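Chemist:
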Amino acid sequence: MKLKLGELAVNVGIALFSVIVCLLLLEVVLRVADPKFLHGGVADVCGNGTDYLHYDESLGWRYAPDKCVLYLNSQQDYFVYTNSKGFRDSEWAAPNGKRRVVFLGDSFTAGLYVEENESYVGLLKRAWANEFDVANLGTEGYGTDQEALLFESDGRAYKPDYVVVGFLIGNDFDDNSEAVSVASTKPYFVLSNGSLELRGVPAVKPWQGRLRLWAYQNSYVFRIFNNVYDRSPAVKTFISSAAHFRFGELFKPAAKYLPNEWKYYLQNESPDARKNLELAKAILRRIFADARAAGAEPVLVIIPSRNQADHSAVQAFSAAFAINESQLDMEKPNRELAALAQAENVTVIDLLPLMCESIKNGKTLYLEDGHWNQEGHLLAFEYLDGILRRKFNE
311 MKLKLGELAV
321 NVGIALFSVI
331 VCLLLLEVVL
341 RVADPKFLHG
351 GVADVCGNGT
361 DYLHYDESLG
371 WRYAPDKCVL
381 YLNSQQDYFV
391 YTNSKGFRDS
401 EWAAPNGKRR
411 VVFLGDSFTA
421 GLYVEENESY
431 VGLLKRAWAN
441 EFDVANLGTE
451 GYGTDQEALL
461 FESDGRAYKP
471 DYVVVGFLIG
481 NDFDDNSEAV
491 SVASTKPYFV
501 LSNGSLELRG
511 VPAVKPWQGR
521 LRLWAYQNSY
531 VFRIFNNVYD
541 RSPAVKTFIS
551 SAAHFRFGEL
561 FKPAAKYLPN
571 EWKYYLQNES
581 PDARKNLELA
591 KAILRRIFAD
601 ARAAGAEPVL
611 VIIPSRNQAD
621 HSAVQAFSAA
631 FAINESQLDM
641 EKPNRELAAL
651 AQAENVTVID
661 LLPLMCESIK
671 NGKTLYLEDG
681 HWNQEGHLLA
691 FEYLDGILRR
701 KFNE
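So the sequence shown is numbered by the numbering used here: it starts at 311 and just counts up by one.
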C-alpha cells in the first residue's frame, strides 16, 4: 500500500531527527574523548577577533591587518601575526638605500603551520637584514592568478629590485583553474586567443566559507567530515558536483577519481591538465613582465609537493589506483616551468632534487597534510640563501 503524503513526511522527519540525535551524541562523545587528531580552530590572542582572513573584492580574500591569533591544529599549533599592511610579516622598512625583495606565493611562502620566523622567507629576511629589505606577500590559499593581481595592487608599491615567485606544483595548477576559482569565489584568468582575460571581479562574498569556518571552529563531527572531504577525491567530487548541480558527474567510475595533483604527472595527460598547465605559464609570464615593468628582476622558485619528493607516495598511489609507475613522470611539470623560465630569461630554482635527496637520507620535511615542517623550511632557506645571495650580488 502506498504511503500517504502525510505519513511519508512523518517518516522522513523521524529519520532526520534520528540522524541529528546521533550526530549530537557523537559530538558529545568526541568532546569528552578529545582526540588530538581533531584539535583545531583559531583562538583570539589580542582581543580583536579570530577572523584573520577577510573578504577582498579584487583578490577574493587577504589577511586582515594587525591581527594576532593562535591557530590550533592537530599537527602543530602556531601563531599568526599580521602587519599593518595585512601580511604575515613583520612591519616593512621604509626605503633606506638597501635593495628590496618581494616574495609572492601561497601557504608555503606564508609559512602555514610554522611560526613566521621559522618560515623560509622569515629566515631569509633575518639572514639578509644587513643587505636587503624583504616583503613577504605570501597568502594562504592563493593561486598564481591572485599573486599576479596582488603584485599589481601591493607589490609594485614596495618598489622591489627582485620579485621571487614560489610556485607549488601540488596545487597551483588547479588553484588557477576556472572550476576551482568559481567554487572558491575568487578572481581568475582564462586564456582567450592566447591572451589572459580576467573574470570573477568583483569577487562574490562566500557565505559558504564563513559557514564552513564556523562549523570547523565549533564541531568535532564537522572536523571529521572536513578531513574526509579534503583527503578523498571521490567524496570531494561527489559533494562538489551535487552542490553545483553537475549531476552527470556524481557517479563517475572510481578509476577517474584521481587526486587532482596526479593528473599533471601522467605521461598521457588529459586535455584539462594541459589547459591548466598553459594557463599557469601565461600567468607566470604576466608576473615576470609586470616585475620587469616595475624595474625588478623576477626569480622563479619551484616548490615540490610531498608526493614528488617522497617515492613511497608514488608507490602508494600506484597501488591504490592500479597505475604503473612507468605511466608517471613526476618531474614533468617542473621541467615545463623551468623551460618557460629559461625562455623568458628568468632565473629558476627547482627544490625537487634537494627535497628528494634529503628524504632519501631519512629527513622528515613534510607534515601529514603536505606542508613543510620546520625542517623543510630550514632546508629550503639554507639552499635558497646561497643561491639568491649570489644572484642578487652579481
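No residue lacks a Cβ here, since even glycine has one placed at the ideal position from N, Cα and C. These numbers come from a predicted model, not from an experiment.
If I measure Cβ to Cβ from Ile597 and keep anything under 8 Å in the same chain, skipping five residues before and after, which residues do I get?
Modeler: Leu414, Thr454, Glu457, Ala458, Phe461, Val473, Val475, Pro608.
Chemist: What residue range does the beta strand (DSSP E) around Glu608 cover?
Modeler: Checking the sequence shown, residue 608 turns out to be Pro, not Glu. Per DSSP, Pro608 belongs to the beta strand (DSSP E) from 607-613.
Chemist: Kindly list the residues whose CB is nearer than 7 Å to the CB of Leu334, restricted to its own chain and excluding five residues on each side of it in sequence; keep chain order.
Modeler: So the list is empty, once near-sequence residues are dropped.
Chemist: Would you say the stretch 625-640 touches the stretch 581-592, given that touching needs at least three Cβ pairs under 8 Å?
Modeler: Touching, no.
Chemist: Tell me which residues share the same chain as Glu428 and place their Cβ nearer than 8 Å to its Cβ, disregarding the 5 neighbours each side in the sequence.
Modeler: Once the five neighbours on either side are set aside, the close Cβ partners of Glu428 are Gly421, Gln684, His687, Leu688.
Chemist: Could you give the DSSP three-state label for Leu382: helix, strand or coil?
Modeler: Of the three classes helix, strand and coil, the one that applies to Leu382 here is strand, per DSSP.
Chemist: Please list, in chain order, all residues of the same chain as Glu588 whose beta carbon is under 8 Å from its beta carbon, the five residues on each side excluded.
Modeler: The answer, listed in chain order, is Leu501.
Chemist: For Asp399, count the other beta carbons within 10 Å of its own beta carbon; 16 or more makes it buried, fewer makes it exposed. Which is it?
Modeler: Counting Cβ neighbours within 10 Å, Asp399 comes out buried, since at least 16 surround it.
Chemist: Who does Asp443 pair with in a DSSP beta bridge?
Modeler: Paired residues: Arg410.
Chemist: Cβ atoms of Leu478 and Ile613: under 7 Å apart, would you say?
Modeler: In this structure, Leu478 lies closer than 7 Å to Ile613 by Cβ.
Chemist: Could you check the C-alpha separation between Glu507 and Asp366 for me, to the nearest Å?
Modeler: Taking the straight line from one Cα to the other gives about 19 Å.
Chemist: Using the rule of at least 16 other Cβ atoms within 10 Å of the residue's Cβ for burial, across every protein chain shown, is Ile330 buried or exposed?
Modeler: It counts as exposed.
Chemist: Does the structure place the stretch 662-676 close enough to the stretch 403-418 that three or more beta carbon pairs sit under 8 Å?
Modeler: Result no; under three Cβ-Cβ pairs closer than 8 Å.
Chemist: Between Ile697 and the rest of its own chain, which residues show a CB-CB distance below 7 Å, the 5 nearest in sequence each way excluded?
Modeler: So the qualifying residues of the chain are Ile659.
Chemist: Measure from the alpha carbon of Val338 to the alpha carbon of each residue in Phe442, Asn440, Gly357, Ser529, then state which is nearest.
Modeler: That would be Ser529, whose Cα lies nearest to the Cα of Val338.
Chemist: May I have the straight-line CA-CA distance separating Glu317 from Ile324, to the nearest angstrom?
Modeler: Approximately 11 Å between the Cα atoms of the pair.
Chemist: So what does Ile597 bridge to, in DSSP terms?
Modeler: Beta-bridge pairing links Ile597 to no other residue.
Chemist: Hey, would you say Asp639 sits closer than 7 Å to Tyr693, going by beta carbons?
Modeler: Against a cut-off of 7 Å, the Cβ pair of Tyr693 and Asp639 comes out as no contact.
Chemist: Would you kindly check if the distance between the Cβ of Cys378 and the Cβ of Ile355 is under 7 Å?
Modeler: First, the amino acid is wrong: residue 355 is Val here, not Ile. Closer than 7 Å, so yes.
Chemist: Here's the rule I'm using: 16 or more other beta-carbon atoms within 10 Å means buried, otherwise exposed. How should Asn655 be labelled?
Modeler: Answer is exposed; the Cβ neighbour count stays below 16.
Chemist: Is the CB-CB distance between Tyr707 and Leu677 below 7 Å?
Modeler: One cannot answer for residue 707 here, as it falls past the ends of the chain, which runs 311 to 704.
Chemist: Determine the closest residue to Phe532 out of Phe327, Arg341, Leu380, with distance taken between C-alpha atoms.
Modeler: Looking at the Cα atoms, Arg341 is the closest of the given residues.
Chemist: Just curious, the alpha helix (DSSP H) that Arg616 is in, first and last residue?
Modeler: Looking at the DSSP string, the run of the alpha helix (DSSP H) that includes Arg616 is 616-619.
Chemist: If you compare alpha carbons, which of Ile593, Ser615, Leu594 is closest to Glu571?
Modeler: Answer by Cα proximity: Ser615.
Chemist: Taking Ser502 as part of the beta strand (DSSP E), name the residues at either end of that continuous run.
Modeler: 498-502 is the extent of the beta strand (DSSP E) around Ser502.
Chemist: Could you tell me the boundaries of the alpha helix (DSSP H) in which Thr449 lies?
Modeler: Unbroken run through Thr449: none, as it is neither H nor E.
Chemist: In angstroms, rounded to a whole number, what distance separates the CA positions of Arg700 and Asn358?
Modeler: Answer to the nearest angstrom: the Cα atoms are 42 Å apart.
Chemist: Under 8 Å Cβ to Cβ from Tyr362, same chain only, skipping five residues before and after it: list those, please.
Modeler: Cβ within range, chain order: Val352, Tyr373, Ala374, Lys377, Val379, Val390, Thr392.
Chemist: In whole angstroms, give me the CA-to-CA distance for Ala403 and Gly605.
Modeler: About 19 Å.
Chemist: Given that a residue counts as buried once 16 or more other Cβ atoms are within 10 Å of its Cβ, and exposed if not, what is Met665?
Modeler: Buried: at least 16 other Cβ atoms inside 10 Å.
Chemist: For a test of the three-state rule: what should DSSP assign to Thr657, helix, strand or coil?
Modeler: Three-state DSSP puts Thr657 in a strand.
Chemist: Nearest CA to the CA of Lys591: which residue from Pro569, Ser622, Leu650, Ala601?
Modeler: When each option's Cα is compared against that of Lys591, the closest is Leu650.
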